[in-house]
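**Q** Please read through the structure below; I'll follow up with questions.
Residue numbers (my numbering), protein chains in the order written: chain X, 114 to 263; chain L, 28 to 592.
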């Protein structure tokens, strides 16, 4: 079900700096996929490897895909209002699978109070409408870099 | 543009102006930017003159309001006779809460109801389905059985309102519930007025709500046509929608072209079933977006009417002038609203609403300024409705028909939008070897539409990021804000209350009767009979939305979209 972007110039001889791997996911029942696709393309254009899950995934499907694909980042898009149900469940599963080093970020229409609560729970950042793709690219690069320093 | 090379024809007035007046001026005072573009990345010239509409023939291209090709409007008096219907979309929580909001809106002067459903209902799932957890009553009202509809329309006589239902894969079930309520209230079916969206093709293209694959989805829509022409002649059986295509990131031309292509596909599907085009056409309606580029939107609405009139008369041979009319609802562009400095959205919505009115819409939903943050509060909804009322009663724009008709710019733009849309329509027709229905189905299967839209969305986002497209408060004139707007919260108890009601209905109904109805529906599907009478029987026995749509899933299989970026 998922689609992968081609991985150019990856020879086994030289070990280039590992490209950042990102799972972009739509969780829940809503089909608003404009944002997730725009971000997926922007990350790909910024040199990251992007895997997109497609629509209507359960938290279990998202986390399992992230585990299989060995990603550095999970980006979850939700515009159905179910964010307070779905994000905590994803965090719980990530913990269960020992994925504390994976960065979880979110996107969608999410009220400020909820954003705050989700960040306290462990969602690293939530990007709302109006966030620029550059801002998101920079954020991921910085956070993944810092994570690797640890 | 102006060229000083040897000419074989006399210089036109515009060329003379460009050479004598414009050029020296530009040398001293360059323009603000190289390219002036619409939100759809269409370049706009600095000036339009009679030269831009040289081939223009008034009688042929515009004609008169209420007459073919309806470019100037579908009615002879337009808003001087009757204003557009002010129809605010509402729905949240349980049926009780939405019933209260409906009554509030009617009291505030709204003239039509419009129902928003929650995600599980939209997807044909019940509130107790596992994936529904967290989504019950959140984005709209939760409806599981006829019991919810009895509460939703409590105290609202169906012969006095027209009700629009924004729902697609499960639209036939909701339509059956509305008929069942009319039957309960003793209102004759031929008197009920309203609209079901019931447009699956654009779901596969853009909004992505579905139950079964495209072909059986279209067959079910044609079942609704057959049933509805006979039983509810005043009810719009489909709202062929560009709104969601645009929200998914398309350009104005793509919105128009894909919507009209879908419309043609439905007409062809109906003709294949043996339905008379003139019997069906008056019960078709359309739904468009109104976005930021003011004139481009007006051109889009005018071009839509002209193309549809010609297609219906010339291609499908419709005889009745009513069949040629493209009547449409408009909603201002949700995707244009900003989370930053949300009050600015009131101004955006005003301009978009004005474009819809100048474009001749039959009904209008104006978005609330807080919708980039959450569901709208009552205060925000009131301002949105007042915006329409101010346009209608204070501005004078409703007093004259098609006031921009004859503007060199608007006519040239209308022609251009029309030509570009027709290019797409021809391409889709080729994909279907001459059949629009096959062309659209092929386009969905191949991801043609999805890719065109995703490309346009990405181009736009890059233009926003680079500042070529300005969004005030987002990439220009930004401020640090402490945003604590008052937003609407859904009571977390809603899900519990809805689950309790569903449980109670399941205990109280005659389960043997439900079983019997569902089995009968399955038999009908297997025999290829029209499903509507069977759906209606099942609804009246209090079968759930999920149980009824489950029969379709069982017979035709579920749909999953191939994921692509």
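Built from N, CA and C at the ideal position, the CB exists for glycine as well.
Being a predicted model, the structure only gives us computed values, none of them experimental.
If you run the structure through DSSP and keep just helix, strand and coil, what is residue 271 of chain L?
**A** The answer is helix: DSSP assigns residue 271 of chain L an H, G or I state.
**Q** In three-state terms, what does DSSP make of residue 444 of chain L?
**A** In the structure shown, residue 444 of chain L sits in a helix (DSSP, three-state: H, G or I).
**Q** Could you give the distance in angstroms between the alpha-carbon of residue 237 of chain X and the alpha-carbon of residue 145 of chain L?
**A** Spanning the two alpha carbons is a distance of roughly 28 Å.
**Q** Going by C-alpha distance, which of X/256, X/241 and X/191 is nearest residue 400 of chain L?
**A** Nearest option by C-alpha distance: X/241.
**Q** If you drop the 5 nearest sequence neighbours on each side, which residues of the same chain put their C-beta closer than 6 Å to that of residue 192 of chain L?
**A** Cβ neighbours of residue 192 of chain L beyond the five flanking positions: 142, 201 and 223.
**Q** What are the start and end residues of each continuous alpha helix (DSSP H) run of 4 or more residues lying completely inside the region 217 to 277 of chain L, in chain order?
**A** Runs of the alpha helix (DSSP H) inside the region 217 to 277 of chain L: 241 to 258 and 270 to 274.
**Q** Which same chain residues end up closer than 6 Å to residue 228 of chain X when comparing Cβ atoms and leaving out the 5 residues on each side of it in sequence?
**A** 239, listed in sequence order.
**Q** What number of angstroms, rounded off, separates the C-alpha of residue 469 of chain L from the C-alpha of residue 288 of chain L?
**A** Roughly 12 Å between the two C-alpha positions.
**Q** Do residue 112 of chain L and residue 118 of chain L come within 7 Å of each other at the CB atom, strictly closer than that value?
**A** Going by C-beta atoms, residue 118 of chain L is not nearer than 7 Å to residue 112 of chain L.
**Q** Quick check on residue 115 of chain L: does DSSP put it in helix, strand or coil?
**A** If DSSP states are grouped into helix, strand and coil, residue 115 of chain L belongs with coil.
**Q** According to a CB-to-CB cut-off of less than 7 Å, which residues of the region 222 to 251 of chain X neighbour chain L?
**A** Cβ contacts with chain L come from 222, 224, 225, 241, 242, 243, 245, 246 and 247.
**Q** Where are the alpha helix (DSSP H) runs, 4 residues long or more, that stay fully inside the region 336 to 380 of chain L, in chain order?
**A** Entirely contained in the region 336 to 380 of chain L, the alpha helix (DSSP H) runs reaching 4 residues are, in chain order, 348 to 351.
**Q** In chain order, what residues of the same chain have a beta carbon less than 6 Å from the beta carbon of residue 234 of chain L, not counting five sequence neighbours either side?
**A** Cβ within range, chain order: 271.
**Q** So that I know if they touch, is there some Cβ in chain X lying closer than 7 Å to that of residue 523 of chain L?
**A** No, residue 523 of chain L does not count as interfacial toward chain X.
**Q** Taking residue 316 of chain L as part of the alpha helix (DSSP H), name the residues at either end of that continuous run.
**A** Here residue 316 of chain L belongs to no alpha helix (DSSP H); instead the beta strand (DSSP E) covers 311 to 317.
**Q** Can you give me the start and stop residues for the alpha helix (DSSP H) that residue 110 of chain L sits inside?
**A** Where residue 110 of chain L is concerned, there is no enclosing alpha helix (DSSP H), given that its DSSP letter is neither H nor E.
**Q** What three-state label does DSSP hand residue 388 of chain L in the structure shown?
**A** Of the three classes helix, strand and coil, the one that applies to residue 388 of chain L here is coil, per DSSP.
**Q** Are the C-beta atoms of residue 481 of chain L and some chain X residue less than 7 Å apart?
**A** Chain X contact via Cβ: present.
**Q** With C-beta atoms as the reference, is residue 195 of chain X less than 7 Å away from residue 187 of chain X?
**A** Going by C-beta atoms, residue 195 of chain X is not nearer than 7 Å to residue 187 of chain X.
**Q** For residue 170 of chain X, which beta-bridge partners are listed by DSSP?
**A** Partner(s): X/140.
**Q** What are the start and end residues of the alpha helix (DSSP H) that includes residue 493 of chain L?
**A** Here the alpha helix (DSSP H) through residue 493 of chain L covers 475 to 493.
**Q** In whole angstroms, what is the alpha-carbon distance linking residue 103 of chain L and residue 231 of chain X?
**A** Distance between the alpha carbons of residue 103 of chain L and residue 231 of chain X is about 56 Å.
**Q** How about residue 256 of chain X: is its C-beta nearer than 7 Å to some C-beta of chain L?
**A** False, the Cβ-Cβ gap to chain L never drops below 7 Å.
**Q** For residue 187 of chain L, which of helix, strand or coil comes out of DSSP?
**A** Coil.
**Q** Anyone know if the C-beta pair for residue 154 of chain X and residue 275 of chain L falls short of 7 Å?
**A** No, Cβ-Cβ distance for residue 154 of chain X and residue 275 of chain L is not below 7 Å.
**Q** Helix, strand or coil: how does DSSP classify residue 247 of chain X here?
**A** Three-state DSSP puts residue 247 of chain X in a helix.
**Q** Within 10 Å of its beta-carbon, does residue 593 of chain L have 16 or more other beta-carbons around it, so buried, or fewer, so exposed?
**A** As shown, chain L starts at 28 and ends at 592. That puts residue 593 of chain L outside it, with no answer to give.
**Q** Mark residue 262 of chain L as exposed unless 16 or more other C-beta atoms lie within 10 angstroms of its C-beta, in which case mark it buried.
**A** Answer is buried; the Cβ neighbour count reaches 16.
**Q** Report, in whole angstroms, the separation of the C-beta atoms of residue 316 of chain L and residue 273 of chain L, which I expect to be a contact under 8 Å.
**A** Contact holds; Cβ gap of about 4 Å.
**Q** Counting only runs of 4+ residues fully inside the region 383 to 428 of chain L, write out the alpha helix (DSSP H) ranges in chain order.
**A** With a minimum length of 4 residues, the continuous alpha helix (DSSP H) runs that stay inside the region 383 to 428 of chain L are 405 to 420.
**Q** Hey, could you find the ends of the beta strand (DSSP E) residue 54 of chain L is sitting in?
**A** Careful: residue 54 of chain L lies outside any beta strand (DSSP E), inside the alpha helix (DSSP H) at 50 to 55.
**Q** Roughly how many angstroms lie between the CA atoms of residue 154 of chain L and residue 521 of chain L, to the nearest whole one?
**A** Distance between the alpha carbons of residue 154 of chain L and residue 521 of chain L: 11 Å.
**Q** Quick check on residue 492 of chain L - is its C-beta less than 7 Å from some C-beta in chain X?
**A** Judged by the 7 Å Cβ criterion, residue 492 of chain L is in contact with chain X.
**Q** Determine, for residue 383 of chain L, whether the minimum Cβ-Cβ distance to residues of chain A falls below 7 Å.
**A** In the structure shown, chain A does not exist; the protein chains are X and L.
**Q** Closer than 9 Å by beta-carbon distance: list the chain X residues that pair up with residue 463 of chain L, in chain order.
**A** Within chain X, no residue comes near residue 463 of chain L; the closest Cβ sits about 24 Å away, beyond 9 Å.
**Q** So that I know if they touch, is there some Cβ in chain L lying closer than 7 Å to that of residue 211 of chain X?
**A** False, the Cβ-Cβ gap to chain L never drops below 7 Å.
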